[in-house]
Structure formats: C-alpha cells, structure tokens
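Protein sequence lines correspond, in order, to chains A and B.
Counting in our numbering, the first sequence runs from 11 upward without gaps.
Counting in our numbering, the second sequence runs from 11 upward without gaps.
Glycine residues also receive a C-beta, built at the ideal position from the N, C-alpha and C atoms.
2 protein chains.
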Amino acid sequence: MSAYQNEMMELAYPGTGDLTAHFMKDGRSIPVRGFQASEDTVKVRFLPMEAGRYTYTVRGAVSDSGTIDVLPARAGHHGPVRAVGTHLEYADGTLCRTYGTTVYAMMHQPDSRIDETLETLQRTPFNKIRLCVFPKHFIYNENEPAYFAFERREDGTWDTSRPCYAFWDRFEERLCQLFAMGYQVDLILFHPYDRWGFSSMSHEDDLRYLDYLLRRFAAYPALWWSMANEYDVMPAKTMEDWYGIEAFLATNDPFHHLIGNHHCISIWPHERPYTTHVSLQTGALNRIPEWMGKYRKPILIDECGYEGNLEQPWGSLSAEELTARFWRTMSLGGCCTHGETFLDPEDPDEVVFWAKGGTLRGESIARVAFLREIMEEIPGPVEPVITGFCLLRGKTPEELETMLAGIPAEQRVYHERILAMEPAERERFLDGQVQYLGCCGAEAILFYCDLQTYGRFTLELPAEGSYTVEVIDTWNMTRPIWSYDASGSVVVPLPGRPYMAILARKNH
Amino acid sequence: MSAYQNEMMELAYPGTGDLTAHFMKDGRSIPVRGFQASEDTVKVRFLPMEAGRYTYTVRGAVSDSGTIDVLPARAGHHGPVRAVGTHLEYADGTLCRTYGTTVYAMMHQPDSRIDETLETLQRTPFNKIRLCVFPKHFIYNENEPAYFAFERREDGTWDTSRPCYAFWDRFEERLCQLFAMGYQVDLILFHPYDRWGFSSMSHEDDLRYLDYLLRRFAAYPALWWSMANEYDVMPAKTMEDWYGIEAFLATNDPFHHLIGNHHCISIWPHERPYTTHVSLQTGALNRIPEWMGKYRKPILIDECGYEGNLEQPWGSLSAEELTARFWRTMSLGGCCTHGETFLDPEDPDEVVFWAKGGTLRGESIARVAFLREIMEEIPGPVEPVITGFCLLRGKTPEELETMLAGIPAEQRVYHERILAMEPAERERFLDGQVQYLGCCGAEAILFYCDLQTYGRFTLELPAEGSYTVEVIDTWNMTRPIWSYDASGSVVVPLPGRPYMAILARKNH
Numbered sequence: 011m012s013a014y015q016n017e018m019m020e021l022a023y024p025g026t027g028d029l030t031a032h033f034m035k036d037g038r039s040i041p042v043r044g045f046q047a048s049e050d051t052v053k054v055r056f057l058p059m060e061a062g063r064y065t066y067t068v069r070g071a072v073s074d075s076g077t078i079d080v081l082p083a084r085a086g087h088h089g090p091v092r093a094v095g096t097h098l099e100y101a102d103g104t105l106c107r108t109y110g111t112t113v114y115a116m117m118h119q120p121d122s123r124i125d126e127t128l129e130t131l132q133r134t135p136f137n138k139i140r141l142c143v144f145p146k147h148f149i150y151n152e153n154e155p156a157y158f159a160f161e162r163r164e165d166g167t168w169d170t171s172r173p174c175y176a177f178w179d180r181f182e183e184r185l186c187q188l189f190a191m192g193y194q195v196d197l198i199l200f201h202p203y204d205r206w207g208f209s210s211m212s213h214e215d216d217l218r219y220l221d222y223l224l225r226r227f228a229a230y231p232a233l234w235w236s237m238a239n240e241y242d243v244m245p246a247k248t249m250e251d252w253y254g255i256e257a258f259l260a261t262n263d264p265f266h267h268l269i270g271n272h273h274c275i276s277i278w279p280h281e282r283p284y285t286t287h288v289s290l291q292t293g294a295l296n297r298i299p300e301w302m303g304k305y306r307k308p309i310l311i312d313e314c315g316y317e318g319n320l321e322q323p324w325g326s327l328s329a330e331e332l333t334a335r336f337w338r339t340m341s342l343g344g345c346c347t348h349g350e351t352f353l354d355p356e357d358p359d360e361v362v363f364w365a366k367g368g369t370l371r372g373e374s375i376a377r378v379a380f381l382r383e384i385m386e387e388i389p390g391p392v393e394p395v396i397t398g399f400c401l402l403r404g405k406t407p408e409e410l411e412t413m414l415a416g417i418p419a420e421q422r423v424y425h426e427r428i429l430a431m432e433p434a435e436r437e438r439f440l441d442g443q444v445q446y447l448g449c450c451g452a453e454a455i456l457f458y459c460d461l462q463t464y465g466r467f468t469l470e471l472p473a474e475g476s477y478t479v480e481v482i483d484t485w486n487m488t489r490p491i492w493s494y495d496a497s498g499s500v501v502v503p504l505p506g507r508p509y510m511a512i513l514a515r516k517n518h
Numbered sequence: 011m012s013a014y015q016n017e018m019m020e021l022a023y024p025g026t027g028d029l030t031a032h033f034m035k036d037g038r039s040i041p042v043r044g045f046q047a048s049e050d051t052v053k054v055r056f057l058p059m060e061a062g063r064y065t066y067t068v069r070g071a072v073s074d075s076g077t078i079d080v081l082p083a084r085a086g087h088h089g090p091v092r093a094v095g096t097h098l099e100y101a102d103g104t105l106c107r108t109y110g111t112t113v114y115a116m117m118h119q120p121d122s123r124i125d126e127t128l129e130t131l132q133r134t135p136f137n138k139i140r141l142c143v144f145p146k147h148f149i150y151n152e153n154e155p156a157y158f159a160f161e162r163r164e165d166g167t168w169d170t171s172r173p174c175y176a177f178w179d180r181f182e183e184r185l186c187q188l189f190a191m192g193y194q195v196d197l198i199l200f201h202p203y204d205r206w207g208f209s210s211m212s213h214e215d216d217l218r219y220l221d222y223l224l225r226r227f228a229a230y231p232a233l234w235w236s237m238a239n240e241y242d243v244m245p246a247k248t249m250e251d252w253y254g255i256e257a258f259l260a261t262n263d264p265f266h267h268l269i270g271n272h273h274c275i276s277i278w279p280h281e282r283p284y285t286t287h288v289s290l291q292t293g294a295l296n297r298i299p300e301w302m303g304k305y306r307k308p309i310l311i312d313e314c315g316y317e318g319n320l321e322q323p324w325g326s327l328s329a330e331e332l333t334a335r336f337w338r339t340m341s342l343g344g345c346c347t348h349g350e351t352f353l354d355p356e357d358p359d360e361v362v363f364w365a366k367g368g369t370l371r372g373e374s375i376a377r378v379a380f381l382r383e384i385m386e387e388i389p390g391p392v393e394p395v396i397t398g399f400c401l402l403r404g405k406t407p408e409e410l411e412t413m414l415a416g417i418p419a420e421q422r423v424y425h426e427r428i429l430a431m432e433p434a435e436r437e438r439f440l441d442g443q444v445q446y447l448g449c450c451g452a453e454a455i456l457f458y459c460d461l462q463t464y465g466r467f468t469l470e471l472p473a474e475g476s477y478t479v480e481v482i483d484t485w486n487m488t489r490p491i492w493s494y495d496a497s498g499s500v501v502v503p504l505p506g507r508p509y510m511a512i513l514a515r516k517n518h
C-alpha cells in the first residue's frame, strides 16, 4: 500500500478489541495503538514523517503485517508543528506563524451552523483555531449538544470505555475539513464550563478519554493538545492531576504534538519539560519579552480578549484594540489569537462567533490579513529587542555593575532610582516602559508604535548593510516605502496617528 | 485701610531691611514677614481669610500699626485650596476640582510669547497650571531666559540674598494675570533640568530662595507649592534635603498652601503629614483606588503624558488617549493634568506648548471642557467604587475569610486562585481588573467604559430613590438621557463604541 509523507494513513480491520502496530523504517520502530472506530471496525492510524518504504506488523485482536510506500510530501503538507527555541516550525523546517481564532463550542452546534462556520473560516487569514472536545456551558453557550463523547453509566457518570461513535465520527469529519483548509486545531481537552460532568470525571476516566482521543486523532498532523482552557478554575482537578494528564499526553502520543495549558488566573508552569509552548490568557502583551526570556519557548497569546460588544470586558474590544493586540504580540515575536463576540440582542439563539461560530462581521480580520502579509515577508522568527530601562531586568549584580559603568553619570540617576525600587513596584514601572520592537536577526526590524502618535521615530539599524524601510499604517492598511537604502540611525517621519509601525528589511 | 477677604493685601514702606508684621483679629495673631520688593521698597503681604476688622503692627526696619477693614469676599474669591479627605475644597468650603495644564518654562519666554500663552489659556477649560520658578534646560527648552531669580556671586553661584527684582516683578505680574483668569498655579520650586546651577544650590541657598518666595508670594491665595518636578532625579539633593524643604514650606507659609512633590520614578512618601496631596507622574490610572486607599489624600495626576507628536512616548498621546486619561482619573475621583507637545519640524524656535506656551491645537481640550461641564453637575467629591476581584485588595485575613464565606462556592475558585498568586503577580493581575467606576455617595454614579465597546452595561443603582441616567459619548461630546427614573439594577444600552460613559444622578 502507499501513503504520503506528513499525512495520516490508517489500517482498518473488521471486529473489535485492542491492537498495537509497529511501523518500522531504517531500523527504527514506532509503536502505535489502535482504536475502536465503530461497533465492528478497529483501526490503527499512523503519521509517516519520512518518505520511503515502511514495514508494519499488527498484533492483538488482529495479526497483520505489510509494507507501505510513503511518497514524498505533497505541497502544503509540512508535518506537525514543533517548538524550536522561541518559535514554531513545521516538521519539515518551515517557519510556522499562527494567526488564531476561537470557536470554543463549534463542534456542539447543529450541522448547518458548523457548515456556515467553516465557510466563514475559509475566507479569513486564520490558520489556527481553538475549540473544545467537550460541550460548553457558559453565558451565550446554553444549547444542548446532539451527541456526547461517551455513553453514560447507570449512575449517570460517563463510561469512558464506551465512546459514542456518532460523536467522534462527526467531530473527526469537521476536524478534517479544518485541516483541509490549512488550519492547525488547538484542541481543548478539558474546560471548567460544564453542566454535564466532563470537568469532574475521575483521573482514571480522564486518562481513558485521552487514550481514545490519542489513538484516534494523534496521527493527524495539524493537531495541538491544549490540556485545558482555564485549567486553574477547575476545582475537581489538582496540580497532580494536570501533571498526570501532561505526562500521559507526552508519553502516549507517538507523533509528539505540541502540548500547552491555558490559564485563567494562575499561569501554568510552562517551564515543565513536556510543555512545549507558553499558552497565555492575557492582555498584558508588554510582558511577552519577560515570558520569552523566562521560558525560552514560543509565546502563544491564546486569549487576549475579543472584538465585540458584550458586557464583559474580555468581550468588548474594539477592532482597533484587537488589531493592536496582534501587532503588539507579533512585533515581539509571539503569536496572537482572534475571537469575535458580537451579540445581537434580537437573536434568540445568541449566536456569538467565539462560542458557536456562524458569520464574522468584525473589522480586525482584514487587518490581521494585512499583518500576515507583512509578517510573511520577514524571513525568520522575530525576537524582542530590549531597550531603555527594560535592560535592567533580569540582570545579575555583576552584569548591572558593568551596565551602570557604561552609562553617562547624568543618566545613571534614573537607573539607580529604578534599581532602588521595591521589586513589585519596579516590575510595574518597567511594564510601562516596554517598546514593541522586535527583530529577525539583522534581516528585519519591526517597530510597532501602538497608540503613540509619533511625528517621527529614530530607528537604530545596523550600520552595515542597506535596508528598505516602510511606514505601515496598521489600521488603514497602507505601507508606503520611506527609504530603499537606509542604514545606521535613521529618523523616520511618521504622521502623528496611532497604530503606525515601521518595518526595515535588509536588502540583498 | 480696607481689603477684601481672600485677596492679597500689602503694606509697602520705603527703605530696606527685614520686618515682621502681626495681623490680629478676635484675639488671634498671624505673624507675617516682609520682603524687599525693590532696591528701595520693603513690603509685607497678608491674606485676610475672614471678613471684619483686623489690626496690625509692623516691627523691624519699619514700625507701624493700623487697622484693616476686610470686606466680605467678592464673587469668585473662595480662598486658598485645602485638602479635605480625598478631595480639595476652597477655604470657603466650595468643592475644588482641578483641570490642569502644563507650561513648564512659560515664565522664561519673551514677553510676546507669554502674552500669547495667556491669551490661549483664557480660552480653555483649565483652572490650574503647572509651571517652574527656575528656567528649564531640556529637549525643546534651549532658549536662554532674560532674567534669573538671583544675582550671581563672584564664584558664579547664585547669591540668594540678592533677588533679581526684574525677574520677580515680571514673574509676579504674570502670576497675577493667571490668578485673574481663575487659575490655580502649582508652582514648581525645583527641577532637575538645569544648566545654570539652580538644581544644585546648597541647602542653605535653597531655603533662602524659598524664604524670599514665601514672603513675597504666599499671600496670594491661588498658589500651590510643588516641591519639585521629578524630585527623585536630582542627584544633588538627598531625601533629608527634601524633608527640610518640606518642613520649611510648611512652617514658613502663614497661609498654608498645598504642598506636593512630583516624581519621575520613585513615588514621594505622600503619607508624610506636611504633604497635603498625592502628586503623581503616571499613566497607570487604574491604580488611583490603590493610592487613594493608601494615602487617603486627594490624588492629583500631575503628569500622565501629553497630546502631541514628539518622539518620546510621554509626548505622543493621541487626543483620544489624553481625553481617556482625564475620564479615567475623574471617574475615580482624582484630578488630571493636560499638556500639549506638538512640534512643528519647520519651527526654528521649537515652540512646544508644554514647555514654552504659545497656541494650542489639540483636540482633547474641547473634551476636557465637556467633562468639566459634566463634573460640575456632580454635587460632591467622587470616590472609587471597588468591584469584583479588586475587593480582594488590602484585606486582613479575617476580612478575607468573611468575604469568601459570602461568595457562592462555584465562584470562589477564582478568588482562591487570586489569593494564592505571588503578591507582585497578583497586583499586576488586579491592575487589569480595575473598573473606572466612581460615586458621589448616593447622589451620582459615574462609570467610564474606557476603550471597551460595550453593547450594554448593567449599572447597580441604589434601590431607593430615582435616578436620571445619561449615556455620554466622551469623544463626540453627546449626552442623551436614557432614563429619567431608574433605580436598582438597570441594563443600560450602549452603542458599541469606545470612550462611552454612563452618569446616573439622583432626582430630588
């Protein structure tokens, strides 16, 4: 049989029961466990990440063996996303910048709504979506889903040994539609907003659920595991439970998808080795350099608020503000996530996109598309450029001494005052000093002016090389070139409006 | 002779030398020291704060005595401003809300420029101005003034025993013009931006300078003492020096003007008894409730950035943002300060209003006028209403226990998580939770929506009484009434735009 590199392939057998397959190539063997796909079919799924001939053996409820000729990856099939330093790459080495959106309860809506949502998503700049496996019970999320992931036991709890095939088939069909559209799906495995009991299953049930999910889905390349949305406000789970879930995902996923955990109040310990990236709910995007420095992992702003008109502060950002949050994030080398929360008070179904999907009407989307077009011209990952007083952060006493010695005496009083501040106060002060300035080595420098209405800005370019400098209006989506040949310290004229940016790209 | 209550009156004598007067009424005696007003005139100035007959005696270089019939205050003459709790009042009990602006180096410009500045200031909503006694050396502040406060000694240092009368006469004339226009003048006594040596005089010289200034100016009611602009970045002064300056002002000013001190990085210890109010340089207006709670003194946001186009972040706020800073401040019961920093790159004189004065072109001024009109309908001081998670701040363990016991179990997890945060992280989290909600007892509730684009907002009004509720567009300056008779919890429809506010005033 044949398959394509970086695409899921499966072996299907009639019957029931457990089975394990081994896929072998060049002396390496990857064990993969099968799953019950329906009452009378058992499957095992594999993600070949190299082209060439694999052999396989299946043991357990079925015995089988054979060969697979894996053809080279087709265009656009880059393999699963990996964390590499502070950025993301596909398995084939292609840089991955995500432009996310959010439809938490998408999968638990009527078919017609999901169709409408997918049609909408096809016409956006997004390439990542956050959505939940379990249904969501929350404001504007009251409708009862048609299917649940498992059958119930007689006592009303979920029997995680009996998957509801209709649920999983339908879920998978929709996932595959998203994959075909080029979306990475950041699958939210648990969440607190629940009236059905999925948030308070036993740890054993949690792992049995994950076991089925991994066996069934892990061979799809474009999936990420988000352990939870707001893990920290699920009183039924302890930190030990979360560590167990994390370890289970890391050791039972043969294809090593990204693992993150999203918080409400208490940031997840992202330094944990199995946690691949830093998933954050925050509007404090000026703290990205701090988090990137602390964790040295990719920063994913998975929730920074939504463009909309809800009564909740998180659901009533202007398009300008959400656009600004994308620029703040990306100028510092992170990835940001969109969501839309317009509530039509006349709509009895309370269809709010961030929860149920439907159609989009916001004005930030076009600006995210414009940002994406610009970012795609930056040839590699962006990291923050720390400037001014923020250079005082995270230094050893020796480093500070050297640094202060290099500062003219009349300027040093500022630094000394900052160092003398009470630490918590100092952090809050320095939070206000962050500039949205990032660079891709010496290849590109990106400065986002944010709300500031500068009439000019002095950009420090490397003295060597020549740069093309453009002045970007991130709201009006224009990007006239100011200079085709700039280098060193240059004073770039700006129009005195908010939401401007400057991009300098090295000429070759 | 006669005088008016709450207006400066003076006794002038030919000659030179020190003198002290005592002004007596109803058995109380106020000693006031005189000053050399010119080479051949010595004066003593008094601020009668009661109507009726005073007697006085003068001793020293001159001996004199007499009576003064003090007529009741004329309209608009309310006496000096006092701090009362967390708000300001004039001596006659009238509530004082300040709408400040900034022309630091106004007094050190050519006469024609000062004339132009005063003409400009007359057509604004402002009633307070911050300006420096000493000239300013800083970006866009390079011009040499015509006069200095003192003559120089042979070694080049300032001889504070020899005032330059031309300087002081001119300064005083301009002050009086400001007073006549209804301005409170927040006089900045020291500042670091200096090439002449005024920032590094000896402590003795500092006090001799203040002595002259107090003797000469203290009888003017509409003056405040701002010990410094950015006191903390003046390396020549120690904290002990500042405490000495503070004590000198407090004990040598017979009329007890307000005393504040303005910082750059390290907030002044505003809890000090002689410090009458909290003068702040900050854009973190969400921290006003914290500071008001800590100091229980009036909060004056004396520097929150300026509307303009400078390259410096503090000098490139949009009109929208500066307007928002006024609303954030005033909805929480503080007073805010405007400044304008438009630089015309073609202007060889670099006339930037915040420094030199001239004309204003910004768009925030009209909005400050609109805000002032609204605030004047609120019959008393506003204090912050603490809501949501911010209620966790500043509680004792016992108070917290009681509070948590009153929260439904499913909500308590949020509070517990917040309490479990590392303290510095918790403060930064709670900073993001502040609402711009204030009240004047049960008389008025003011909610500023800030950047949020709410489609509606649930306002909690007292159940007793009836309120007139208006929906204010703070940018477009409209304030349609939504209800003439609202009470209890009401859902106010909002247009989904930023910069809205809701004001509810009790009907009588």
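Under a criterion of Cβ atoms nearer than 7 Å, the residues of chain A adjacent to Gly506/B are, in order, Asn319. Within the model, the alpha-carbon separation for Trp492/B versus Thr108/B is close to 29 Å. Within its own chain, the residues whose Cβ lies closer than 7 Å to the Cβ of Leu320/A, once the five positions on either side in sequence are excluded, are Ser326, Thr351, Leu353, listed in chain order. Selection Gly70/B, Asp251/B, Glu161/B evaluated against His213/B yields Asp251/B as nearest (Cα-Cα).
DSSP places Asp215/B inside the alpha helix (DSSP H), whose first and last residues are 213–227.
Less than 8 Å divides the Cβ of Met117/A from the Cβ of Phe181/A. In the DSSP assignment, Glu426/A falls within the unbroken alpha helix (DSSP H) covering 419–430. Within the region 466–503 of chain B, the runs of beta strand (DSSP E) at least 3 residues long that lie entirely inside it are, in chain order, 466–470, 477–483, 491–496, 499–503. Look at the beta carbons and you see the region 439–446 of chain A not touching the region 485–504 of chain A: under three pairs across the two are nearer than 8 Å.
For the pair Thr347/B and Glu393/B, the CB atoms are not nearer than the 8 Å cut-off. In summary, Glu183/B is exposed, with fewer than 16 beta-carbon neighbours lying within 10 Å of its beta-carbon over all protein chains present. Collapsing the DSSP output to three states places Arg436/A in a helix. Within chain A, the residues whose beta carbon sits less than 8 Å from that of Tyr464/B are Asn319, Leu320, Glu321, Ser326, listed in sequence order. If you ignore the 5 residues before and after Tyr219/A, its C-beta comes within less than 6 Å of the C-beta of Thr170, all in its own chain and listed in chain order.
By the C-beta criterion, the region 201–211 of chain B is judged not to be in contact with the region 119–129 of chain B, since fewer than 3 inter-stretch pairs fall below 8 Å. When Glu411/A, Gln421/A, Phe336/A are compared, the shortest CA-CA separation from Arg382/A is found for Phe336/A. C-alpha of Pro283/B to C-alpha of Met385/B: approximately 29 Å in a straight line. A straight-line Cα-Cα distance of about 7 Å links Phe399/B and His425/B.
A distance of 8 Å or more separates the beta carbons of Trp301/B and Tyr241/B. Taken in chain order, the complete beta strand (DSSP E) segments of 3 or more residues contained in the region 280–329 of chain B are 288–291, 309–313. The DSSP-derived three-state label of Arg84/B is coil. Contact between Met413/A and Ile275/B is absent: CB atoms are separated by about 17 Å, not below the 8 Å threshold. Each residue's CA atom was taken as its position, placing Ile40/A and Lys405/B some 56 Å apart. For the region 81–160 of chain A, the continuous beta strand (DSSP E) assignments of 3+ residues that do not extend past its boundaries occur at 91–94, 97–100, 109–112, 138–142, in sequence order.
Pro394/B carries a strand assignment under DSSP once its states are collapsed to helix, strand and coil.
In the structure shown, the three-state DSSP call for Gly254/A is helix.
At a Cβ-Cβ threshold of 8 Å, Glu437/A and Arg438/B count as neighbours. Here DSSP, grouped into helix, strand and coil, assigns Ser39/A to strand. Inter-residue distance for Ala496/B and Phe457/B is about 15 Å (C-alpha atoms, whole angstroms). Contacts with chain B at 8 Å (Cβ-Cβ) do not include Gly404/A. Rounded to the nearest whole angstrom, the C-alpha separation of Tyr464/A and Met510/A is 9 Å.
Counting of Cβ neighbours within 10 angstroms places Met244/B among the buried residues, the total reaching 16 or more. CA-CA distance, His267/B to Glu99/B, rounds to 12 Å. Proximity of Phe336/A to chain B, defined by a Cβ-Cβ separation below 8 Å, is not satisfied. Taking C-alpha positions only, Arg205/B is separated from Tyr477/A by approximately 39 Å.
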